[in-house]
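Number of protein chains: 2
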Amino acid sequence: MTSTARDAKNDGIKIASLRDVARTAGVSVSTASRVLSGSSHPVSEPTRRRVLEAAERLGFEPNRLARALATARSRTIGVVVHDVSDPYYAEIVRGLEDAAGSRDHALFVSSSDRDVDKELAVMRAFVANQVDAIVLVASAIDDPRYLAEATAILDRFRALGGVVVTLSEHGYTAPRVGYGNREGTQLLVTHLLDLGHTRIGYITGPPYLMVTKARRSGYETAMTERGLRVDPELVIAGDFTIEGGARAAEKLMAANPTAIVAANDMMAIGAIRYLLDQGSRVPDEVSVAGFDDIEFAAYAAVPLTTVHVPLGELGQVGGRLVLDLLEGNPPEQWPRIDFQLVIRESTAPPR
Amino acid sequence: MTSTARDAKNDGIKIASLRDVARTAGVSVSTASRVLSGSSHPVSEPTRRRVLEAAERLGFEPNRLARALATARSRTIGVVVHDVSDPYYAEIVRGLEDAAGSRDHALFVSSSDRDVDKELAVMRAFVANQVDAIVLVASAIDDPRYLAEATAILDRFRALGGVVVTLSEHGYTAPRVGYGNREGTQLLVTHLLDLGHTRIGYITGPPYLMVTKARRSGYETAMTERGLRVDPELVIAGDFTIEGGARAAEKLMAANPTAIVAANDMMAIGAIRYLLDQGSRVPDEVSVAGFDDIEFAAYAAVPLTTVHVPLGELGQVGGRLVLDLLEGNPPEQWPRIDFQLVIRESTAPPR
DNA sequence: CTGTTAGCGCCTTCAG
DNA sequence: CTGAAGGCGCTAACAG
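Protein sequence lines correspond, in order, to chains S and V. Counting in this note's numbering, the first sequence runs without a single skipped number right up to 351 at its last residue. Counting in this note's numbering, the second sequence runs without a single skipped number right up to 1351 at its last residue.
In structure tokens, the structure reads:
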């Protein structure tokens, strides 16, 4: 008596398998497989038709797990983000999803909360689930243990044929879709400089994230390029959240900046809220700018001047890169995404 | 000569399989399996230790696909949303993720763009991927064909042992985590009524979505309860987007409302932006309110009065429901999530 | 307590 | 062009 787990799970109902199709079509399983899996192996027209009919009639759907086990390709991609509910990641994931979906791949998505162990666990889980590729959209945590362990996991994954792609600053070297974290920030700060500001405060991202350094260096470059020293009082660590931005702005105001640029829009939005609540006018009394241009940037209390990064596109390009790599078609060089300065109403000359 | 797809994929490097572990531990595969899969089948302490050691040394990671194939349980959940980049869904997905992750399940996430065929395709893909459960967080599309086909797919899925859970209004009957779409809206509108408004405009969600009806009925109930007729001029269809909210507000203003309530925060934010751009003051000249209380609601141009729905919690509760169901522990009754009226600065008495 | 034996559903040589 | 046979990695009776 054959008894399988499936029997226990369902109530005797079974989904049509390849064998069923083969049987009702009167052919061997191999033949059925060949026509139903889109193999290039030749199959006569009449036979093919019979198989197709049988499959149709039985409502056959190939079991992707079984197929994956047999082919060592799951058509599945693991996406590592810090937090899907953060618009930055949500928009990128959407782009990845579109690219993957259009080429018949499914997406696993997991948030790590920027926690070293959680992030490593997520990667291991993806590997265990036999994903074909891992996309690191989350910036690397700037920690030696993290990098060491991540490298071990990822190198091994790649040695086994897996593809790894990075969409942010990362210590792990892999194909990357880049965009100007540094240059964008520099452009933005220069805009403020051009408006006449000199006391420009900067709210960084979490200190332990690599992207934080990249963006901040843009601020520093812009300042020093104009012969301005970066006053340590004017640089304060944030955490990429709205609340964090508000808190940082509060501290920053002690140094009397005429403008505040935040390492992302969320914090800029928090900063604006704080200033407004304090009775300061934006941008009349202090200018505020962000980075990313998430959808809400344009609808903040004061429409935000920021650096537009086409997040959805970043995801799409990243997804396509992954798929191309999986198909053995590496591009000439890693793609880059263009950013763009978007001037809205939160910045103005100092008074 | 054995030759598998895997050989082609990697370069001869192979990941340790259960067989390898068994061999180096000097036991049978079954024994290795028993200790490594946490089976309840007894295994002697010394043997167990040897297996564990071998596994450790070889860096063994069970292949979840193989395990899934053998057990008919993939520990995988498919999540259907309309658009992950919409904060409403992003926050819910985050909650689902937390619940699933904490019990060792991975999440597939797909956006359907509210397109009937895309949504059906997504479900089929989930089934083909052998997910253990499907979570419909997206409200049903109010279309007979959609319902019919979705029912066919889902019923079959369930007959095979799959679990289906709904987090929104849906014509398909399945375990559901509910929250007061109707009651919440009613509460909100009543608040406006209490402030003295009588000409309250309402921007609905997309007409073809079931959730739209549910929320709107709350508006209608509140109005009629106070003896007010719902003026058709005062109800206009929106699409749940910021832009759509702005457009709807524009049209609505022709009917001279003193307050506008939108079926979600996104549209409310758009409405506020429109009004402000027109030079209307919010709430002095017209009050605006939303629904959901997404994170940005509090940071809109005018902090938004809205109905707070704990989206993350909704996801978590939904996730737990799924897992309990999968483990054969159905709750006494389907869980409900509490909403709450949040009064901020976008509503005030009519002038 | 341990090993042997059958699969799970599909793909892929290898013979014909 | 078709079929038989073996294997992907793991679990689950069934014997001992």
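Just so it is clear, CB atoms sit at the ideal spot from N, CA and C, and this is done for glycine as well.
Across the structure, S/Val127 and V/His1082 are spaced so that their CA atoms are roughly 28 Å apart. Under DSSP, V/Ser1111 forms a beta bridge with V/Val1081. Close CB contacts of V/Phe1339 within its chain, under the 7 Å cut and outside five residues either way in sequence, are with Tyr1179, Gly1180, Gly1184, Val1307, His1308 and Val1309 (chain order). Those residues of the region 61-80 of chain S placed with their C-beta closer than 8 Å to a C-beta in chain V are Glu61, Pro62, Asn63, Arg64, Leu65, Ala66, Ala68, Leu69, Ala70, Thr71, Ala72, Arg73, Ser74 and Thr76, ordered along the chain. Contact annotation: the region 1295-1303 of chain V touches the region 1267-1284 of chain V, with at least three C-beta pairs closer than 8 Å.
A distance below 8 Å separates the beta carbons of V/Gly1205 and V/Ala1263. The C-alpha of V/Ile1337 is placed about 45 Å away from the C-alpha of S/Leu36.
Within chain V, the residues Glu1061, Pro1062, Asn1063 and Arg1064 have their CB atoms less than 8 Å from the CB of S/Ala128, given in chain order. Chain-ordered, the chain V residues with CB closer than 7 Å to the CB of S/Phe296 read Phe1296.
For the region 81-104 of chain S, the set of residues with a beta-carbon nearer than 7 Å to any beta-carbon of chain V comprises Asp83, Val84, Ser85, Pro87, Ala90, Glu91, Val93, Arg94, Glu97 and Gly101, in chain order. Identification of chain S residues near V/Ala1300 by a Cβ-Cβ cut-off of 9 Å yields Phe296, Tyr299, Ala300 and Ala301, ordered along the chain. Where V/Ala1133 is concerned, the enclosing beta strand (DSSP E) starts and stops at Ala1133 to Leu1136. Residues of chain S whose Cβ lies closer than 7 Å to the Cβ of V/Ile1015 are, in chain order, Leu160. In the DSSP assignment, V/Gln1340 forms a beta bridge with V/His1308. Between the alpha carbons of V/Ile1077 and S/Gly319 lies a distance of about 22 Å.
Relative to V/Val1109, the option among V/Ala1066, V/Asp1098 and V/Val1079 whose CA is nearest is V/Val1079. When C-alpha distances from V/Ala1125 are compared across S/Asn129, S/Lys251, S/Ser74 and S/Leu120, the shortest belongs to S/Ser74. Taking 3 residues as the minimum length, the beta strand (DSSP E) runs contained wholly in the region 1165-1207 of chain V are 1200-1204, in order along the chain.
Rounded to whole angstroms, the gap between the alpha carbons of S/Pro349 and V/Leu1136 is 50 Å.
In the DSSP annotation of this structure, S/Ala66 is not part of any beta strand (DSSP E); the continuous alpha helix (DSSP H) holding it starts and ends at Arg64 to Thr71. Within the same chain, Thr185, Leu188, Val189, Leu192, Ile200, Gly201, Tyr202, Ile203, Tyr219, Ala268, Val288, Ala289, Gly290 and Phe291 come within 8 Å of S/Val261 by CB-CB distance, once the 5 residues on both sides are set aside. A straight line joining the alpha-carbon of V/Pro1335 with that of S/Asp324 spans about 44 Å. DSSP places S/Thr76 in the strand class (E or B) of the three-state scheme.
In chain order, Ala1106, Leu1107 and Phe1108 make up the part of chain V whose C-beta sits under 7 Å from the C-beta of S/Phe108. Under DSSP, S/Val261 shares a beta bridge with S/Tyr202 and S/Ala289. A distance of 8 Å or more separates the beta carbons of V/Asp1293 and V/Leu1209. Relative to the Cα of V/Ser1346, the nearest Cα in the group V/Thr1258, V/Asp1020 and V/Ala1032 belongs to V/Thr1258.
In the three-state reduction of the DSSP assignment, S/Leu209 falls in the strand class. Taken through DSSP and simplified to helix, strand or coil, S/Ala237 comes out as strand. Against chain V, the CB of S/Ala125 has a partner CB under 8 Å away; the residue lies at that interface. Interface residue (Cβ-Cβ distance to chain V less than 8 Å): S/Ile343 is not classified as such.
Closest in C-alpha terms to S/Leu276, from the list S/Glu250, S/Ala254 and S/Asp265, comes S/Glu250. Assignment of beta-bridge partners to S/Val163 by DSSP yields S/Ala133. Burial state of V/Ala1100 is buried, judged by a 10 Å Cβ sphere holding 16 or more other Cβ atoms. Comparing C-alpha distances from V/Gln1130 to each of S/Leu234, S/Asn329, S/Arg64 and S/Arg48 shows the shortest one belongs to S/Arg64. When rounded, the separation of the alpha-carbon atoms in S/Leu321 and S/Glu332 is 11 Å.
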